[in-house]
Structures are given as C-alpha cells and as structure tokens.
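In the working numbering, the protein residues as written are 218 to 360. We put the beta carbon where it would ideally sit given N, CA and C, even for glycine. The structure presented is a predicted model; accordingly, all values stated were derived computationally and were not measured. Worksheet: the structure to be examined is printed underneath.
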C-alpha cells in the first residue's frame with residue numbers, strides 16, 4: 218500500500234478550541250496547514266487534503282487516556298498516517314518549533330506486526346494529535 222497514492226475521500230473533523238489565534242498559529246504556522254474559510258467563531262484548515270474545523274468552545278482540552286504499549290495515549294485524538302520520511306521531517310520540524318510532546322517520537326511494537334513510528338502532542342487548546350508511520354505501510358489495518 219502506497220500511502221501517497223491511495224485515493225480516499227477527505228475526512229472532515231470539527232473540534233473545540235479556546236483561542237482561534239493560537240489555533241491559527243499551531244495548525245497554520247507550525248503544521249503548515251493552509252487556512253480556508255473562517256468566521257469569528259471557527260476556522261477551516263487544509264490538513265493534508267482533509268478538512269479540519271477549529272470551533273470556539275469552552276469545552277476544549279484534555280479528556281482521558283488509554284494504556285498502549287506502556288504509554289498513556291490521550292483519548293480522543295486525531296492525526297495522520299504519513300510515509301516514514303515525512304514522519305521524520307515532521308518530527309524534526311516540531312522539535313525545532315519547541316513543541317512539548319505528550320509521547321516523544323518513538324518506534325512502537327518494534328519487530329512486531331504493526332511496527333510504527335509515532336508521536337503525540339497537543340494543540341494550544343489541549344486537543345491531542347498523533348502522527349504515525351508504519352515500517353510496512355501494508356500493515357495499517359493488519360490484525
């Protein structure tokens with residue numbers, strides 16, 4: 218499976234933030250997402266061809282977590298499955314931007330089915346994001 222050539226419909230995700238300027242800084246400047254339509258209450262971002270909509274809300278931030286491979290994985294979270302080189306480039310860009318990671322860039326399930334590079338961080342409103350890449354991209358949905 219070549220992740221860069223997979224033709225999937227774009228997903229849409231609306232999520233809460235408590236500061237649109239901070240959301241613009243994180244999604245637009247740090248992650249490099251182009252801004253689309255917006256109002257005083259929400260802003261669209263192009264997240265690698267997917268539509269993210271940051272909505273002003275007092276209910277933004279941390280929720281809960283699950284234990285996965287010895288780590289406290291924040292739930293809910295969203296993100297992207299990237300190619301390994303793109304994942305490394307993003308990890309470098311996030312480190313250079315001084316991002317605090319919830320889970321530092323690491324390899325999970327090393328040597329096992331589903332081996333993957335992963336990292337977790339939070340946006341300024343506390344929403345959790347995961348970026349991952351698989352050693353074998355065909356293992357994305359393997360059991």
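- By the criterion of at least three beta-carbon pairs nearer than 8 angstroms, the region 298-310 is not in contact with the region 278-290.
- Taking 8 angstroms as the upper bound for CB-CB distance, residue 318 and residue 301 are not in contact here, some 18 angstroms apart.
- Across the structure, residue 331 and residue 233 are spaced so that their CA atoms are roughly 31 angstroms apart.
- Residue 359 is positioned such that its CB atom lies no closer than 9 angstroms to that of residue 304.
- A direct Cα-Cα distance of roughly 5 angstroms separates residue 251 from residue 263.
- Shortest Cα-Cα distance from residue 347 to any of 242, 274, 356 and 334 involves 334.
- With contact defined as three or more Cβ pairs closer than 8 angstroms, the region 338-346 and the region 230-246 are in contact.
- Assigned with DSSP and collapsed to three states, residue 230 falls in strand.
- By the neighbour-count criterion, in which a residue is buried when 16 or more other Cβ atoms sit within 10 angstroms of its Cβ, residue 248 is buried.
- Boundaries of the beta strand (DSSP E) harbouring residue 345: 345-351, taken from the DSSP string.
- In the three-state DSSP reduction, residue 242 falls in the helix class (H, G or I).
- Separation of the CB atoms of residue 353 and residue 326 is rounded to 11 angstroms, and the pair is thereby denied contact status at 8 angstroms.
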